[in-house]
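Visitor:
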Amino acid sequence: LGQIAGDLWSVGFSLYGLGHLAELDGNRVRAQQFFDEAYRFCEQLGSRWGMSFAQFRRGLLALRAGATDLARLAFTDSVRLSLAIDDPRSLSLPLVTLAVIEFRDGQPELAARLLGAAESQRQAADYRMPPYAQALHDQTVAQIKEHLDPGVFTAAWAVGHATPREGIESLLADQDGAVAQFSETGSRLSARERQVIRLIANGLTNRQIAQGLGITDKTVNAHVERIYRKLGIRSRAQAAAWAVHHSLAHTT
Numbered sequence: 012l013g014q015i016a017g018d019l020w021s022v023g024f025s026l027y028g029l030g031h032l033a034e035l036d037g038n039r040v041r042a043q044q045f046f047d048e049a050y051r052f053c054e055q056l057g058s059r060w061g062m063s064f065a066q067f068r069r070g071l072l073a074l075r076a077g078a079t080d081l082a083r084l085a086f087t088d089s090v091r092l093s094l095a096i097d098d099p100r101s102l103s104l105p106l107v108t109l110a111v112i113e114f115r116d117g118q119p120e121l122a123a124r125l126l127g128a129a130e131s132q133r134q135a136a137d138y139r140m141p142p143y144a145q146a147l148h149d150q151t152v153a154q155i156k157e158h159l160d161p162g163v164f165t166a167a168w169a170v171g172h173a174t175p176r177e178g179i180e181s182l183l184a185d186q187d188g189a190v191a192q193f194s195e196t197g198s199r200l201s202a203r204e205r206q207v208i209r210l211i212a213n214g215l216t217n218r219q220i221a222q223g224l225g226i227t228d229k230t231v232n233a234h235v236e237r238i239y240r241k242l243g244i245r246s247r248a249q250a251a252a253w254a255v256h257h258s259l260a261h262t263t
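Under the working numbering, the first residue of the sequence shown is numbered 12, with each subsequent residue one higher.
1. Got a sec: is the Cβ-Cβ distance from Ile208 to anything in chain C below 8 Å?
2. Please classify Met140: does DSSP put it in a helix, a strand, or coil?
3. Compute the Euclidean distance between the alpha carbons of Glu48 and Gly28, then round it to the nearest angstrom.
4. Look at the alpha carbon of Ser131 and the alpha carbon of Ile208, and state the distance between them as a whole number of angstroms.
5. I'd like the span of the alpha helix (DSSP H) that includes Ser101, first residue to last.
6. Looking at the structure shown, is Thr87 part of a helix, part of a strand, or coil, going by DSSP?
7. Report back the beta-carbon spacing between Asp274 and Leu215 to the nearest angstrom; my notes put them in contact at under 8 Å.
8. Can Phe45 and Ala33 be called in contact, C-beta distance under 8 Å?
9. Please check the pair Gly61 and Gly37, which I expect to be a contact at CB under 8 Å, by giving their CB distance rounded to whole angstroms.
10. Output yes or no for whether 8 Å exceeds the beta carbon distance between Arg69 and Ala95.
11. State the Cα-Cα distance for the pair Arg218 and Pro161, rounded to the nearest angstrom.
12. Does Gln249 come out as helix, strand or coil in the three-state DSSP assignment?
13. Got a sec? Which residues, its chain only, sit under 7 Å from Gln249 by beta carbon, not counting five neighbours each side?
14. State the Cα-Cα distance for the pair Thr108 and Gly57, rounded to the nearest angstrom.
15. Hey, quick one: how far does the alpha helix (DSSP H) through Pro161 stretch, first residue to last?
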């Protein structure tokens, strides 16, 4: 009915709800399709709020499927979309799930900072997180406290909590804190191209990269071609080797 009436907002909202239902029904493939469609409709509308929530749900699907890199990209995009519209409510959720990922990736202090920032935004919005998000939060806090000295945890959490909204981008940048300095050649890669080559190195196909970034296959192909040209390489194997050499890919 929404499509017939030309009401794209109703269509996007309905697709988002259908994605929830499909996920609850255990049909993750169908849920992914609905959330992808919801994202595209919200993008047509220019609704960053809707795009942020659709990306968050895509990230949850990827996280539950064990696709950590795709989940990190989706949650990071969700955070940046929320920052663009200055919405602390939608900002708090992906910060929690990014903390989950960073803890699992061996970065407990960064995870604590992200949780502190998430709590600050939750308080600013006077928002009660849904049960599944609160459970993830509480579980991750408990796990971090098992790995960090109490003083270290408290200090890291406090840094995150004190981070103003305009400083949250710096916390996202900390996710790449272990990345080595780029060579002169590598420094010419754009931020998006660095994302793409990292995902190539971690075994993702162009289609999977497109789904995770919320862009078309054609756009990913163009990024790959530019990466090859800039680095003077000819294959995905060479791209992966370059990324590993420059500490852009997980080797475990």
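We put the CB at the ideal spot given by N, CA and C, even for glycine.
Guide: If we stick to the structure as given:
1. Of the protein chains in this structure there is only one, and it is not chain C.
2. coil
3. 11 Å
4. 33 Å
5. 99-115
6. helix
7. The shown model of the chain, from 12 to 263, leaves out residue 274, and the question about it has no answer.
8. yes
9. Contact between Gly61 and Gly37 does not hold, since their C-beta atoms are separated by about 25 Å, which reaches or exceeds 8 Å.
10. no
11. 43 Å
12. helix
13. When the five nearest sequence neighbours on each side are left out, no beta carbon in the same chain lies closer than 7 Å to the beta carbon of Gln249.
14. Distance between the alpha carbons of Thr108 and Gly57: 25 Å.
15. 161-173
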